[in-house]
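Peer 1: So that we are looking at the same thing, I have put the structure below in structure tokens.
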Amino acid sequence: MAFNWQTFWTRAFTALIFVAVMAAGMLYNEWSFFVLIAVIHFGCWHEYGKLVEKIHKTFFHPYIVWGFALVGFHIILLLSDGLQLYYYSVKKSFALSFLLAGCVLALMGIFKRYKVTPKAIGALALGLAYISLSLGLLLHLRLSEDIRVLNSGEFLLNQPNGFYIPILIIVAIWINDTMAYLVGSAIGKTPFSKVSPKKTLEGTIGGMLLCILAMVFILKPWFDWKVLLGISIIVAVFGTAGDLLESKIKRMAGVKDSGKIMPGHGGFLDRFDSLLIAVPAVWLFLQLLK
12 MAFNWQTFWT RAFTALIFVA VMAAGMLYNE WSFFVLIAVI HFGCWHEYGK
62 LVEKIHKTFF HPYIVWGFAL VGFHIILLLS DGLQLYYYSV KKSFALSFLL
112 AGCVLALMGI FKRYKVTPKA IGALALGLAY ISLSLGLLLH LRLSEDIRVL
162 NSGEFLLNQP NGFYIPILII VAIWINDTMA YLVGSAIGKT PFSKVSPKKT
212 LEGTIGGMLL CILAMVFILK PWFDWKVLLG ISIIVAVFGT AGDLLESKIK
262 RMAGVKDSGK IMPGHGGFLD RFDSLLIAVP AVWLFLQLLK
């Protein structure tokens with residue numbers, strides 16, 4: 012098959028924009044990170060609602076999906092300890108409002124003249140854990156002041172420990188995905204899962220091992236080796252599980268990509284599938300390590 016330069020440049024340009032937006036949101040300050048989390052949250056909910064519709068062969072009134080998304084954002088706000096708008100706590104000032112607005116909106120949608128089964132509503136409600144809780148825990152880690160990941164008090168940008176946790180998670184995901192692809196392309200022969208035919212056992216294992224080695228040995232001078240080891244192992248295992256889970260959901264829905272927000276790269280869920288499953292496990296690990 013001939014190399015398609017137009018597709019290549021489209022993918023490259025989209026990837027650069029994606030990296031720039033992610034970097035700006037993660038590195039600028041806690042508010043830029045909060046806005047980034049909000050954008051990812053509502054983007055994922057929009058796509059998740061469409062997938063559930065296809066799986067259950069139903070149609071959700073927009074009020075239903077956005078109502079659940081607002082309830083989910085309430086969960087994120089509950090985990091936003093330390094985030095303040097002037098002298099007011101974001102959690103105390105806005106969390107209840109989003110819960111009430113979300114419940115009212117969802118109920119209005121449910122009682123519209125659409126045939127929506129309880130099973131479909133139940134599947135949609137799972138997004139509260141799959142999307143909202145996970146992103147809320149990521150924000151909680153970013154705002155944490157009592158989790159030590161550095162070898163010393165401050166490092167490079169003079170930022171608190173919590174600043175580095177989301178970065179470490181995303182770097183580990185990127186290394187795992189990249190190494191799995193490279194190893195799989197080089198020596199992969201054994202299919203890993205029917206859900207994702209392109210994944211090979213050799214690539215998956217190679218990606219996991221190289222992710223762990225790279226994270227621990229390259230970053231050890233600056234970060235606690237126990238944190239690096241734990242995050243890399245968790246991301247390698249749970250991140251891969253997240254990828255397979257989203258592939259299963261897409262297969263059930265009969266679609267190739269979860270969305271089209273990023274030409275050549277799919278949608279929000281395609282980009283953050285590994286993150287959504289890995290974060291709760293990393294959060295639990297770091298709580299136990301305190």
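Counting in the working numbering, the sequence shown runs from 12 upward without gaps.
We put the beta carbon where it would ideally sit given N, CA and C, even for glycine.
Rounding to the nearest angstrom, what Cα-Cα distance links R282 and S43 in this structure?
Peer 2: Straight-line Cα distance between these residues: approximately 19 Å.
Peer 1: Kindly list the residues whose CB is nearer than 6 Å to the CB of G241, restricted to its own chain and excluding five residues on each side of it in sequence; keep chain order.
Peer 2: Here the set comprises F296.
Peer 1: If you follow the alpha helix (DSSP H) that Q170 is part of, which residue opens it and which one closes it?
Peer 2: It is not in any alpha helix (DSSP H) - Q170 carries neither H nor E in the DSSP assignment.
Peer 1: Should T211 go down as buried or exposed, given a rule of 16 or more other Cβ atoms within 10 Å for buried?
Peer 2: Under this definition T211 is a buried residue.
Peer 1: From the DSSP output, read off the bridge partner residues of S100.
Peer 2: Partner(s): Q95.
Peer 1: With H72 as the anchor, note down where its alpha helix (DSSP H) starts and where it stops.
Peer 2: Careful: H72 lies outside any alpha helix (DSSP H) and carries neither H nor E.
Peer 1: Measure the C-alpha to C-alpha separation of I186 and K231 and round it to an integer number of angstroms.
Peer 2: Roughly 16 Å separates the two Cα atoms.
Peer 1: Helix, strand or coil for F14? Go by DSSP, reduced to three states.
Peer 2: Because the pLDDT of F14 is 42, which lies under 50, any placement of that residue in the model is unreliable, and the number read from its coordinates should be weighed accordingly. If DSSP states are grouped into helix, strand and coil, F14 belongs with coil.
Peer 1: Report all residues from its chain with a CB closer than 8 Å to the CB of L161; omit the five preceding and five following residues, and keep chain order.
Peer 2: Here the set comprises N172, Y175, W233, F234 and D235.
Peer 1: Once you ignore the five residues that flank I288 on each side, which residues in its own chain have a CB closer than 6 Å to its CB?
Peer 2: Around I288: F249, A252 and G253.
Peer 1: Can you give the beta carbon distance from L94 to L152, rounded, assuming they're within the 8 Å contact cut?
Peer 2: In fact, because the Cβ distance is near 13 Å, the residues do not count as touching under 8 Å.
Peer 1: Just list the residues that DSSP pairs T211 with in beta bridges.
Peer 2: T211 is bridged to P202.
Peer 1: Can you grab the Cα-Cα spacing for the pair M263 / D188, in whole Å?
Peer 2: One C-alpha to the other measures close to 23 Å.
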